[in-house]
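These protein sequence lines are chains A and B, in that order. 349 is the number of the first residue of the first sequence in this note's numbering; add one for each residue after it. 377 is the number of the first residue of the second sequence in this note's numbering; add one for each residue after it. Here's the structure we're looking at; comments come further down.
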Amino acid sequence: MAETLVNKYTPKDFKSDQEVRWCPGCGDHAVLSSVQRALAELGIPKEKFAFISGIGCSSRFPYYMDTYGFHSIHGRASAIASGVKIANPELSVWQITGDGDALAIGGNHFIHVIRRNIDINIILFNNEIYGLTKGQYSPTSTKGLVTKTSPFGTVEEPFSVGELVIGARGKFFARTVDTNVALSTQIYIEAAKHKGTSVIEVLQNCVIFNDGIHDTIIDKEVRDDRTLILKHGQPMIFGKVNDKGLILDGLKLKVVKLGENGITEKNLLVHDALEYNPGIQYMLANMMYPEYPVALGVIRAVQGPTYERSVHEQIEGIQKTAKIKCMDDLLMSGSIWEVE
Amino acid sequence: MGKKSEVIEREEVVIRFSGDSGDGMQLTGTLFSDTAALFGNDLSTFPDYPAEIRAPQGTVGGVSGFQVHLGHSEINTPGDFSDVLVAMNPAAIKANAKWIKPGGTIIYDEGNFTEKNIEKAGYEKDPIVEEKLDGYNIIAAPISFMVKEALKDFGLDPKSVLRTKNMFALGMVYWLFDRKLDYTEEYFEKKFQNKPGMAEANKIALRAGYYYAETIEALSPVYKILPAEIAKGTYRNVCGNVATAWGFIAAAEKAGLKLFIGSYPITPATGILEELAARKDLGVISFQAEDEIAGICTSLGASFAGNLAITSTSGPGMALKSEAIGLAVMAELPIVVVNVQRGGPSTGLPTKTEQADLMQALYGRNGECPVVVIASSTPSDCFHFAFEAARIALEHMTPVLLLSDNYLANGTEPWRIPKMKDLPKINPPFADRKEIPFLPYKRDTEKLARSWAVPGTPGMEHRIGGLEKTAKGTVSYTPENHELMVKLRAEKVERVVNEIPDLVVHGADSGDILVVGWGGSYGYLITAVRELQAAGHKVSLVNFNYINPLPKNVKDVFRRFKKIVVCELNMGQFADYLRIKHQEFTYEQINKVQGLPFTINDIKDKCIKMLEDK
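Quick look at the structure:
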């Protein structure tokens with residue numbers, strides 16, 4: 349795609365003529381806006397984008413993008429997006445999904461697309477609730493959450509998206525917050541440039557059925573102290589006044605205060621998103637408040653062969669030396685005989 | 377060639393190789409049928425093996441068989457009853473006793489009829505006596521002993537020696553049918569190129585069997601089947617699964633598209649995925665999915681992206697694909713879904729045949745969800761109908777369901793090889809630049825097919841999906857629009873009728889009974905009907921390949937017969953379908969649900985009874 353780079357778009361060019369129907373105040377609006385900004389900066393011709401979604405509030409996304417789009421069926425977007433990318437590796441393929449779509453009904457496709465490392469970008473809107481069906485618990489709902497289908501609180505353990513991605517041998521995982529347009533845009537650009545499956549978890553607010561679920565972490569007043577924005581090569585430092593950081597204490601991460609017990613910036617862990625061994629990244633992805641800050645930014649971004657390239661290279665390699673070049677050759681191959 | 381004491385010339389003969397799963401019966405049968413085909417016989421074969429990979433040795437459950445029907449005249453079925461049975465163990469007798477023609481020949485391996493094996497097969501002492509087969513032409517050959525003798529100085533381990541038993545038996549059968557050994561010998565030379573010792577051992581066992589048969593002369597009568605009168609041309613043997621796979625490759629070439637198969641292994645459809653996975657030389661993209669749903673969904677993605685996309689499965693997988701077929705109907709994307717039917721419901725009889733997924737194909741989805749349904753009817757015509765299914769899907773922008781079955785999938789027959797230049801070009805309705813701004817559900821007036829704008833095409837960005845839409849592609853829940861779109865999608869499928877051939881009547885176009893079949897039971901029905909016709913009965917056959925829509929001339933054909941008898945391997949699904957579509961007729965039924973094809977007599981006896989009842 350490198351030779352066809354263009355730089356002529358504004359976010360507006362990616363807005364379709366459809367009226368956006370998400371609830372006023374829904375986090376999805378901000379995600380849409382961030383993605384449109386990111387696409388405008390990528391320099392990829394507009395016709396090369398394909399947005400594939402499943403079912404759920406977030407899955408309406410393709411209708412609002414002036415690109416090729418396919419709003420499919422519940423849970424299957426990973427599989428459909430895989431088919432699109434393998435059929436035409438020249439396309440920039442994006443999957444839009446939610447916590448129910450990707451992790452419940454679509455769990456199998458989700459882990460397998462990651463395992464295969466097909467070069468698609470998956471934006472997973474995580475609001476820890478089923479919104480479109482009006483408020484039932486999801487695979488990421490906190491244990492004990494009271495919803496319409498758990499009137500006495502859920503009794504099941506939630507998935508952690510990052511843990512699942514790394515467990516499926518994922519090579520790119522990032523986390524952002526719906527309303528943080530600057531961080532999100534930057535992450536989408538990095539995800540698009542990454543060759544292989546990229547998963548971006550968006551902490552997204554459902555204003556109707558799970559309002560404020562992420563507020564303990566992302567509220568303006570507290571977010572600097574309760575989140576850590578990771579940057580590759582930078583020390584893991586956070587806090588309103590940059591007074592806190594992370595160190596490795598034995599086999600665990602530990603939050604420390606700079607200046608206390610002689611700790612300086614030099615003692616802090618430096619983020620390495622490119623490290624293939626996922627040990628530290630795994631711990632970072634799983635950090636939960638109040639013990640830790642919640643990690644944002646690109647947590648893991650390692651290189652590996654992509655599925656679609658391997659498929660096409662194998663075909664090209666075999667075709668170079670193949671004796672059968674067309675259907676007539678195949679029909680006449682092997683044991684055949686003439687009847688006079 | 378040795379002296380043949382008594383030679384019987386026959387029009388046709390059926391031979392069955394039967395033994396333990398590990399006895400190599402499939403290979404033995406295949407080598408025999410290839411040799412017969414090269415000789416110029418017409419033939420039809422059918423493998424019959426257990427679902428278990430290695431069922432307990434020596435038990436009836438572990439018996440694997442391969443039946444070959446060869447003839448001087450046209451052969452349409454693998455045959456019902458065998459003239460010759462090769463039984464490698466007592467269990468093979470147990471499994472096949474009632475399928476041997478009275479007075480037929482049974483060759484068995486004496487060395488394997490041990491007390492233990494006899495007991496395992498459920499006999500007390502002597503299977504031949506207990507099955508009342510003593511009057512048959514019984515040849516107890518010491519096969520195990522003879523291969524040990526023949527290969528004793530060969531330095532092979534005892535297991536490998538015994539593995540050549542099937543070749544000894546095959547050698548005997550070659551003598552019995554007066555066939556040459558060269559094709560089989562060449563096969564081993566090629567197969568064991570790097571293990572000349574193994575090639576030689578198999579060849580020695582083969583020749584030992586041949587000379588043994590010649591020496592004992594007990595094998596008379598020797599059957600002589602002259603080459604068949606077959607149309608001029610170049611031929612090969614083909615099974616239904618390979619023919620199906622090749623039909624799609626041919627269609628992709630004629631459409632100028634890449635072929636994509638997303639699929640999940642399932643018996644008996646796996647052969648299609650395996651064949652296409654091997655065809656990277658022709659650029660086929662094969663994707664072994666994580667499940668049946670991903671099989672069709674990756675294909676649907678590939679279709680959206682502009683490939684000829686197909687998926688293959690069997691009944692249980694078909695159930696899992698239903699929702700995605702509905703999406704294909706709604707998104708109006710071309711895709712072919714192959715269902716190689718097996719015995720159901722649920723896991724059912726994975727390695728047996730049935731035609732019980734017809735209603736599932738026609739109606740097994742939510743909403744008003746019509747698709748084109750086509751059924752192949754012989755192993756070799758799977759090629760033609762796969763090609764046609766792809767052509768219709770691509771040119772009409774619709775999913776097509778192609779029904780095959782276990783009997784077609786694994787059965788083989790000689791096939792006159794088509795030439796690509798004789799096949800029609802396929803013209804998918806790709807959107808051209810005049811259609812900007814592109815409206816995804818705008819249709820052509822003739823077929824009602826929408827245009828296909830593939831991602832990557834500048835200026836045609838658009839959105840499709842499972843929600844109801846207007847012609848412009850906007851989501852719409854308007855009552856009138858929904859009804860309009862439902863009718864348009866149905867009408868689009870109906871209009872395929874303009875491109876399918878009329879029903880062909882085999883026999884006179886009027887008479888007492890019209891035998892009606894569909895799909896894979898053709899071979900049995902045509903054989904039975906021809907025998908009835910030869911006996912002077914006014915019976916004809918129509919066999920449907922196009923199920924939805926039905927051909928235009930159905931009514932015109934049906935009304936010329938006194939009785940219509942629908943024969944199918946289910947409880948009457950096609951009969952019920954005809955009752956919906958052509959209510960003006962009365963339909964009699966012949967049904968069988970045993971996981972087995974019809975026998976000729978199943979059909980003949982019942983037709984004769986109906987003729988007497990009139």
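Glycine included, each C-beta is placed from N, C-alpha and C at the ideal position. Model, not experiment: these values are computed from the prediction.
Q.
Suppose you measure from the CA of B/N683 to the CA of B/E708; what does that come to, to the nearest Å?
A. Here the question's residue 683 of chain B lines up with position 307 in the second sequence. Here the question's residue 708 of chain B lines up with position 332 in the second sequence. About 14 Å.
Q.
Suppose contacts are defined by Cβ-Cβ distances below 8 Å. Is B/S698 in contact with B/A685 by that definition?
A. For the purposes of this step, residue 698 of chain B is taken as the residue at position 322 of the second sequence. For the purposes of this step, residue 685 of chain B is taken as the residue at position 309 of the second sequence. The answer is no: Cβ separation not under 8 Å.
**Q.** Residues near A/G652 by beta carbon distance below 8 Å, same chain, minus five either side
**A.** Within the first sequence, the letter at position 304 stands for residue 652 of chain A. Correct list, in chain order: N465, K519, G544.
Q. When burial is assigned at 16 or more other CB atoms within 10 Å of the CB, is B/P423 buried or exposed?
A. Residue numbering aside, residue 423 of chain B sits at position 47 when the second sequence is read from its first letter. With 16 or more Cβ atoms within 10 Å of its Cβ, B/P423 is classed as buried.
(Q) So B/I519 and B/K541 are supposed to be a Cβ contact under 8 Å. How far apart are they, rounded? (A) The count along the second sequence starts at 1 and reaches residue 519 of chain B at position 143. The count along the second sequence starts at 1 and reaches residue 541 of chain B at position 165. Confirmed, Cβ separation roughly 5 Å.
(Q) Quick check: the Cα distance between B/L734 and B/E960, rounded to an integer number of angstroms? (A) Here the question's residue 734 of chain B lines up with position 358 in the second sequence. Here the question's residue 960 of chain B lines up with position 584 in the second sequence. Approximately 22 Å, taken between the alpha carbons.
Q. Can you name the start and end residues of the alpha helix (DSSP H) that B/V873 belongs to?
A. Counted from its first residue, the second sequence places residue 873 of chain B at position 497. Unbroken run through B/V873: none, as it is neither H nor E.
(Q) DSSP has B/S991 in a bridge; who is on the other side? (A) Nothing can be reported for residue 991 of chain B: it is not among the residues displayed for chain B, which extend from 377 to 990.
Q. Just how far apart, CA to CA, sit B/A751 and B/N921?
A. On the second sequence, position 375 is the one that residue 751 of chain B refers to. On the second sequence, position 545 is the one that residue 921 of chain B refers to. The alpha-carbon atoms of B/A751 and B/N921 are separated by roughly 5 Å.
Q | B/T411 (DSSP reduced to helix, strand or coil) | A | Residue 411 of chain B sits at position 35 when you count from the first residue of the second sequence. Helix.
Q) Is the beta carbon of B/N782 less than 8 Å from the beta carbon of B/Q717? A) Your numbering for residue 782 of chain B matches position 406 in the second sequence. Your numbering for residue 717 of chain B matches position 341 in the second sequence. Contact flag set, yes.
Q: Report the rounded CA-to-CA distance for A/A633 versus B/E856, giving the unit in angstroms.
A: One-based indexing of the first sequence puts residue 633 of chain A at position 285. One-based indexing of the second sequence puts residue 856 of chain B at position 480. C-alpha separation (whole angstroms): 50 Å.
Q: Would you be able to state if there are at least three C-beta pairs under 8 Å between the stretch 834-852 of chain B and the stretch 443-460 of chain A?
A: no
Q | Candidates A/S420, A/S532, A/W685: closest to A/T376 by CA position | A | On the first sequence, position 28 is the one that residue 376 of chain A refers to. It is Asp, not Thr, that sits at residue 376 of chain A in the sequence shown. A/D376 has its Cα closest to that of A/S532, out of A/S420, A/S532, A/W685.
Q: Return the residue from the list A/N474, A/C374, A/K588, A/Q384 that minimises the CA-CA distance to A/F362.
A: Working through the first sequence from its first residue, we reach residue 362 of chain A at position 14. Here the closest residue by C-alpha is A/Q384.
Q) What is the DSSP secondary structure of B/F442, reduced to helix, strand or coil? A) For the purposes of this step, residue 442 of chain B is taken as the residue at position 66 of the second sequence. B/F442: strand per DSSP, three-state reduction.
Q. In the stretch 705-758 of chain B, which residue ranges form an unbroken beta strand (DSSP E) of at least 3 residues, counting only runs that do not cross its ends?
A. 711-717, 748-751
Q: Verify the CB distance criterion: does B/W622 have a CB-CB separation below 8 Å to chain A?
A: Numbered from its first residue, the second sequence carries residue 622 of chain B at position 246. Output row for B/W622: interface = yes.
Q) Within the chosen definition, does the stretch 662-676 of chain B reach the stretch 454-473 of chain A through at least 3 CB pairs nearer than 8 Å? A) yes
Q: Check each candidate in B/M694, B/I606, B/G724 and name the one with the smallest Cα separation from B/R741.
A: Mapped onto the second sequence, residue 741 of chain B falls at position 365. Comparing Cα positions, the closest option is B/M694.
Q: Check whether the Cβ of B/E385 lies closer than 8 Å to any Cβ atom in chain A.
A: Position 9 of the second sequence, counted from the first residue, corresponds to residue 385 of chain B. No, no contact with chain A.
Q) Looking at the C-beta of B/K380, does it have a partner C-beta in chain A at a distance below 8 Å? A) Walking along the second sequence from the start, residue 380 of chain B turns up at place 4. Bear in mind that the predicted position of B/K380 carries a pLDDT of just 48, short of 50, making it too unreliable to give a figure here.
Q: Starting from the C-beta of B/G849, find all residues in its chain whose C-beta is less than 8 Å away, skip the five residues before and the five after it, and write them out in chain order.
A: The residue labelled residue 849 of chain B in the question sits at position 473 within the second sequence. Counting only Cβ-Cβ distances below 8 Å, and skipping sequence neighbours, we find L815, P816, Y817, H838, R839, I840.
Q | Interface residues of chain A facing B/K818 [CB-CB closer than 8 Å] | A | Locating residue 818 of chain B in the second sequence gives position 442, where the first residue counts as 1. Correct list: empty, because the minimum Cβ distance to chain A is about 16 Å.
Q. Which residues bound the alpha helix (DSSP H) around A/Y357?
A. Within the first sequence, residue 357 of chain A is the residue found at index 9, counting from 1. Neither: A/Y357 is in no alpha helix (DSSP H) and is coded neither H nor E.
Q. According to a CB-to-CB cut-off of less than 9 Å, which residues of the stretch 821-837 of chain B neighbour chain A?
A. A829, V830, P831, G832, T833, P834, G835, M836, E837
Q | B/A581 classed as buried or exposed, judged by whether at least 16 other C-beta atoms fall within 10 angstroms | A | Within the second sequence, residue 581 of chain B is the residue found at index 205, counting from 1. By the 10 Å Cβ count, B/A581 comes out buried.
Q: Answer with yes or no whether the minimum CB distance from A/S683 to chain B is below 8 Å.
A: Here the question's residue 683 of chain A lines up with position 335 in the first sequence. Output row for A/S683: interface = yes.
Q: Mind checking the stretch 670-689 of chain B against chain A and listing, in chain order, the residues whose C-beta falls within less than 9 Å of any C-beta there?
A: A670, G671, I672, C673, T674, S675, L676, G677, A678, S679, F680, A681, G682, N683, A685
Q) If you draw a straight line from the C-alpha of A/G674 to the C-alpha of B/A621, how long is it? A) As a first step, residue 674 of chain A is located in the first sequence; it is residue number 326 there, counting from the start. As a first step, residue 621 of chain B is located in the second sequence; it is residue number 245 there, counting from the start. Residue 674 of chain A is actually Cys in this sequence, not Gly. Cα to Cα, the separation comes out at about 14 Å.
Q) Looking only at C-alpha atoms, which of A/I514, A/I535, A/A530 sits nearest to A/R523? A) Translated into the one-based positions of the first sequence, residue 523 of chain A becomes position 175. Ranking A/I514, A/I535, A/A530 by Cα distance to A/R523 puts A/I535 first.
Q | Distance between B/G623 and A/H457 (C-alpha atoms, nearest Å) | A | Locating residue 457 of chain A in the first sequence gives position 109, where the first residue counts as 1. Locating residue 623 of chain B in the second sequence gives position 247, where the first residue counts as 1. Between A/H457 and B/G623, the C-alpha separation is close to 29 Å.
Q: Output, in chain order, the set of chain B residues within a Cβ distance shorter than 8 Å of A/D414.
A: Taking the first sequence and counting its residues from 1, one reaches residue 414 of chain A at position 66. Correct list: E837.
Q: Indicate whether A/E538 and A/V646 have their beta-carbon atoms separated by less than 8 Å.
A: Against the first sequence, residue 538 of chain A aligns to sequence position 190. Against the first sequence, residue 646 of chain A aligns to sequence position 298. A contact, by the Cβ cut-off of 8 Å.
(Q) Could you tell me which whole alpha helix (DSSP H) segments of length 4 or greater appear in the stretch 872-922 of chain B? (A) 898-910
Q | Euclidean distance between Cα positions of B/F974 and B/V930 | A | Indexing the second sequence from 1 puts residue 974 of chain B at position 598. Indexing the second sequence from 1 puts residue 930 of chain B at position 554. Using only the alpha carbons, I get a separation of about 24 Å.
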